[in-house]
Structures are given as C-alpha cells and as structure tokens.
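> For the sequence shown, position 282 (counting from the first letter as 1) is numbered 624 according to this note's numbering, and the numbering increases by one without interruption.
The C-beta atom is built at its ideal place from N, Cα and C for all residues, glycine as well.
Here you go, one structure.
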Amino acid sequence: MAAATLARFVPRGTDIALVESDSIGTVGVGEATIPQLHLLHRALGVNEAEFVQATKASFKLGIEFDGWSRAGERYMHAFGPVGRASGLLSFHHYWLRAKGLGLAKPVGSYSLNEQAARKLRMQRGRRAARMHEMPYAYHFDAGLYAAFLRRYAEARGVVRHEGLIEHVEQDGQSGAITVLRLDGDRTVEGDFFIDCTGFRGLLIDQALGTGYEDWTDWLRCDRALAVPCANGGDFTPYTRSIARKAGWQWRIPLQHRIGNGLVYSSAHMSDEEAADMLLGNLDGEPLGEPRAIPFTTGKRRRMWVGNCLALGLAAGFMEPLESTSIHLIQSSISRFLSVLPSGAPDPAAIDWFNAQSDFEWRRIRDFLVLHYTANAREGEPFWDAVRAMDLPDTLSAKIDQWQGTGFIHREHEELFTEVGWFQVLAGQGVEARRYNPLADALSEGDLRKLLHDTETALVEEVGHMPRHLDFVQHLVNSLQSQEVLA
Ligand SMILES: Cc1cc2nc3c(=O)[nH]c(=O)nc-3n(C[C@H](O)[C@H](O)[C@H](O)COP(=O)(O)OP(=O)(O)OC[C@H]3O[C@@H](n4cnc5c(N)ncnc54)[C@H](O)[C@@H]3O)c2cc1C
Numbered sequence: 343m344a345a346a347t348l349a350r351f352v353p354r355g356t357d358i359a360l361v362e363s364d365s366i367g368t369v370g371v372g373e374a375t376i377p378q379l380h381l382l383h384r385a386l387g388v389n390e391a392e393f394v395q396a397t398k399a400s401f402k403l404g405i406e407f408d409g410w411s412r413a414g415e416r417y418m419h420a421f422g423p424v425g426r427a428s429g430l431l432s433f434h435h436y437w438l439r440a441k442g443l444g445l446a447k448p449v450g451s452y453s454l455n456e457q458a459a460r461k462l463r464m465q466r467g468r469r470a471a472r473m474h475e476m477p478y479a480y481h482f483d484a485g486l487y488a489a490f491l492r493r494y495a496e497a498r499g500v501v502r503h504e505g506l507i508e509h510v511e512q513d514g515q516s517g518a519i520t521v522l523r524l525d526g527d528r529t530v531e532g533d534f535f536i537d538c539t540g541f542r543g544l545l546i547d548q549a550l551g552t553g554y555e556d557w558t559d560w561l562r563c564d565r566a567l568a569v570p571c572a573n574g575g576d577f578t579p580y581t582r583s584i585a586r587k588a589g590w591q592w593r594i595p596l597q598h599r600i601g602n603g604l605v606y607s608s609a610h611m612s613d614e615e616a617a618d619m620l621l622g623n624l625d626g627e628p629l630g631e632p633r634a635i636p637f638t639t640g641k642r643r644r645m646w647v648g649n650c651l652a653l654g655l656a657a658g659f660m661e662p663l664e665s666t667s668i669h670l671i672q673s674s675i676s677r678f679l680s681v682l683p684s685g686a687p688d689p690a691a692i693d694w695f696n697a698q699s700d701f702e703w704r705r706i707r708d709f710l711v712l713h714y715t716a717n718a719r720e721g722e723p724f725w726d727a728v729r730a731m732d733l734p735d736t737l738s739a740k741i742d743q744w745q746g747t748g749f750i751h752r753e754h755e756e757l758f759t760e761v762g763w764f765q766v767l768a769g770q771g772v773e774a775r776r777y778n779p780l781a782d783a784l785s786e787g788d789l790r791k792l793l794h795d796t797e798t799a800l801v802e803e804v805g806h807m808p809r810h811l812d813f814v815q816h817l818v819n820s821l822q823s824q825e826v827l828a
C-alpha cells in the first residue's frame, strides 16, 4: 500500500525501493476492510472489477456480532446511516423515544445496509431518489491484494529487492537510518525509511528503540488461529464475528474460499481447545492446518521517529474486530503525505503526526473495548473478567454520556461515527436512560409514521437488489464484456 501510493504521488525523480523477504513472508491474514478503502482505490485509479477479480473479493455491508451480548443474540454494525434524521436530531433519539413507548423494532430494521445484508443482496448506487447509496467495503485475499498492489507499484517505477535485511545502519550522531544491509552483501541506501516489517518492527523498534504501549489490560486476547475453508453456507455480504468461550471467531467469505480465525485469550483457553473450537465451527473442509499468530495488543510509543515511519503491524496491532488495521495503514500514509518531508523531516511535523496517530488509535481501541465490556455473558470467566475491567477514561465518559443523555459525542475526526457507536451500544444492550427532548416535538402518530415509512422504504429498495453472488459474478464477467452493472 505504501509503495503503490508513494509511486503514484511523490514527485518524479524520487526513487522508491521495496525490500521484502520470501523466506519471512507476510502474516497473510487481513481480509476484511471498511469503506474508506475506496478513497485509496480512487486515488490510485484502481478499476473495481479488475480488483475484485484479481483479489477474489466479495462485498461487505457491515459486521454481524453474534453472541456478544448474550449467547443467541445478534446485531449488526452496518455501514451507512440508520433511519433518517428529522429536523435537528439524529434518528437514534427518535428510536430511543419509540423504544420507551414500545414502538421501536431492532435498530437494524432501519438500516438499508443491514436489511440488504440479511437478505444476501448487494447494489451499487441508488435506485429510488429518496434512498441514499449503500456504503460498502470488501473482503479480499490478503496475499492476492499485496500482489495486485505490487504490480501497480512496480509498473510505476518501484524497484523491489528480494532479500533478508540483516543489519540496519544508523548515523553515529543523529541516529538516522542510513543503510539497510541485505544478505548476499547487498545494501539499500535511503533518505527516508518506511518500516513495514510486521510485528518485529525491525527499524522502528529494534534499531530505533521506540518502545511499545501495551493495551492488553483492555484487550485481553493475545492469540489468533487462522484457517481458510472451502466455500459452504451463505455467501454473505458481511463479516461474521461470533463470540466464543474466551474470544471470538471470524468468518469472511471470498469467491474461492472462506477465511476463518479464532481470536482468544491464552489465559482462558488452550491452543488445543482453540483449534478444536475453530475446526469444529467451519462451513466447509479446512484448507490446511490452523496457523497460530501470537500478538500483543498495543502500539509503538512513536510511529514516526527521525527518518523512519512505521506502518502496519510494525506500528502496532489491535485485533480485527472492526477490521481497522488496513485502514490504519491507509490513514497513516495519507497523513504522512500531508507533511511529506522534502529534506530532513521537520520535528514539528513528526510531533503532529504522532499525536494524530495516538488519537486515532486510542479512539478505535475504546470502540473495540466497548464490545467486550458491555457483555451479558454471565458465568463465563473470560466474559465476566472483561465486563468487570477498569475502562479507559475516554470510553467511560462516552458510555456515561450515552446512558445519561442519549447523546453520542464524536470527537474531531475519530474513525467511528455516532451511528457506529449507536449500533454497538444498542446492540450490546447498553441502555440510554434519556433522549434529547426535542424528539418529543413529534406527535406519537408522526413518530410511528417515521418508523414505518423508513422501514417499508428499505424493504422495497432491498427487494429490487440483485443477490450478492450474482452481483459479484456479473461484475467479474463485465471485465470481459466491458458491461458494468448499473
Ligand atoms: C489474526 C489477524 C487478523 C487480521 N485481520 C484483519 C482484517 O480482517 N482486516 C484488517 O484490516 N486487518 C487485519 N489484520 C491486520 C493485517 O493483516 C495487517 O495490517 C496487514 O496484513 C499488513 O501487515 P504488514 O505488512 O504490516 O506485516 P506482514 O504481513 O507481517 O509483512 C511484513 C513484511 O516485512 C518483510 N520483512 C520482515 N522482516 C524482514 C527482514 N528482516 N528482511 C526483509 N524483509 C522483512 C516480510 O517479508 C513481509 O513482506 C489482521 C492481522 C492479524 C494478525
């Protein structure tokens, strides 16, 4: 992603080298995204049909959380709006009022994305004038996506070096990185280095010693097992996240297989038990042995140090509960481009970058922690422990405000919007005691009509949408016929 974006945007005459080692390989997971990826693809000029074909992608309208509040209860964090705002107020205040009166259906009844997702439908653009477009993201094969972007980058002049970095040389005075020494006595010199070496953080940590902020007190899972399986079950235009005894399982359908994984706390579940649980809950034959990925949730204390920027797993890791890691790479790249150094990096720009990144990561962390802490799975040791844990102050304040007023405060550019928090707060059963009294300005009859009209308009719209499976096939076929699905 970094090489492709730099190749597209940095001024001519800038040489970009990419160092990768086949003997180390990539982590190979990371298959669910959020709609912001369109911004990257638009900037790069990626053709959607080509991308969907090359990466065996499917479409994603949201994430279903199954059993996160109680076993058997499900809700969705769907992309896009819920209901329609009326006057000054967000829809959720009307929903809260209606709920108190016993008139409201579950939140998802008022979300176009959720209604389409539940019916396994997909559409781009809008059909009815009064309807908004459905925001969507993708599921894709991470290895194929990396290869897709590599072709893009190499076609624009990026030079790839296959080899193992054995030593990182630094300037004796400034500490700046100067040279990477590769196996076979090769060297790669540079003015600026982007560390994409994964969890090991070869440059940012092993050479520059930036240190790590550990968040495992709040996000207690520390291992993942990943295994693809043959296609089976529904070809869902949504990711599934199913709560398990000491963590959760993901299900990500692609054109050629399903990606599965179990994220769990090793303090509450053995690797053997985790493997049995994962393999016992697949929709098709496993395509290989489960692969173990240990991790420590948190982030580098500083993601940009001197002439080195860390991206991806080298910058830090939060479990893929809301599919945020690939987005964090993208947003770091765009933040970096906004203060792209033309010579020695400016310390003020570095401080700004690090402060913005801290803010972005911490707010996402809070959102993930909410899913855990607001559970009602009583009697299960892992879930009891996370329900009782001390929360980050920023999260406590948000929950208090919701419970006391029904108001959701989105601070600055934090990634998850009011409507995302609303779906998860309501879905996890966190009750708001009040709503904004402006919602009382609507007569009860008008309130009923608002809910009814919203719901019926969505049902009608979804009824006209093609099936997700047909939509994908049509898009891929359109590459040959150059005919694009309207
Ligand atoms: C269990 C799990 C599930 C995930 N699911 C999602 C998801 O659904 N959605 C999402 O957005 N993100 C997800 N992620 C995150 C996502 O996988 C990563 O953000 C993404 O793959 C980027 O990884 P990376 O390039 O930073 O690291 P890696 O894939 O580990 O790549 C590291 C690179 O550095 C090279 N390298 C390392 N050391 C050397 C060396 N000494 N010499 C030369 N080269 C070297 C390697 O060859 C490799 O190319 C998930 C992560 C995990 C662990």
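Can you determine whether any heavy atom of ligand 3 sits closer than 8 Å to the C-beta of G370, and answer yes or no?
Absence of ligand 3 is noted for the structure shown, with ligand 1 being the only ligands found.
> So for Y478, helix, strand or coil by DSSP?
Here Y478 sits in coil by DSSP.
> In terms of DSSP beta bridges, what is R775 paired with?
According to DSSP, which records beta bridges pairwise, R775 is partnered with nothing at all.
> I need the straight-line Cα distance from A828 to L737, nearest angstrom please.
Note that A828 scores a pLDDT of 45, beneath 50, so its modelled location is shaky and nothing firm can be said.
> Please state whether the Cβ-Cβ distance between I870 and G409 is less than 9 Å.
Past the edges of the chain, shown from 343 to 828, lies residue 870, and the structure says nothing about it.
> Could you check the C-alpha separation between A783 and H474 for me, to the nearest Å?
Each residue's alpha carbon lies about 25 Å from the other.
> Quick one, which of F709, M645, D576, A344 has its alpha-carbon nearest A697's?
Cα-wise, what sits closest to A697 is M645.
> Would you be able to state if there are at least three C-beta pairs under 8 Å between the stretch 680 to 695 and the stretch 654 to 663?
Contact fails: fewer than three Cβ-Cβ distances are below 8 Å.
> Using 9 Å as the threshold, is the C-beta distance between A489 and G648 below it?
Not closer than 9 Å, so no.
> Could you say which of V521, V501, Q515, S516 lies nearest to H509 if we only look at CA atoms?
With distances taken between Cα atoms, H509 lies closest to V521.
> Can you name the residues that DSSP bridges to P628?
Partner(s): C571.
> Grab me the residues of L811's own chain with a C-beta within less than 7 Å of its C-beta, minus the 5 sequence neighbours each way, in chain order.
Taken in chain order, the residues that qualify are F577.
> Got a sec? Which residues, its chain only, sit under 6 Å from R350 by beta carbon, not counting five neighbours each side?
Here the set comprises L386.
> Using only the heavy atoms of ligand 1, determine whether one of them is closer than 8 Å to the beta carbon of W592.
Yes, the beta carbon of W592 sits closer than 8 Å to at least one heavy atom of ligand 1.
> Closest by CA to D537, which one among Y487, C650, L445, R565?
Taking only the C-alpha atoms, the option nearest D537 is C650.
> Among the residues of its own chain, which have a CB less than 6 Å from the CB of W725, if the five just before and after it don't count?
Here the set comprises N717, R719.
> By the 10 Å Cβ neighbour count, where 16 or more other Cβ atoms means buried, how is L348 classified, buried or exposed?
L348 comes out buried.
> Here's the rule: buried if 16 or more other CB atoms are within 10 angstroms of the residue's CB, otherwise exposed. What is D357?
So D357 ends up on the exposed side.
> Are three or more beta carbon pairs between the stretch 779 to 798 and the stretch 753 to 768 nearer than 8 Å?
No, the stretch 779 to 798 does not touch the stretch 753 to 768.
> Got a sec: does ligand 1 put a non-hydrogen atom nearer than 8 Å to the Cβ of R542?
Indeed, a heavy atom of ligand 1 lies less than 8 Å from the Cβ.
> By Cβ distance, which residues of its chain are closer than 7 Å to T747, with the 5 residues on each side in sequence left out?
These residues qualify, in order along the chain: R776.
> Identify the continuous alpha helix (DSSP H) that holds K740 and give its terminal residues.
From DSSP, the alpha helix (DSSP H) with K740 extends over 735 to 747.
> Is the closest heavy atom of ligand 1 to the C-beta of G414 under 8 Å?
No, the Cβ of G414 stays beyond 8 Å of every heavy atom of ligand 1.
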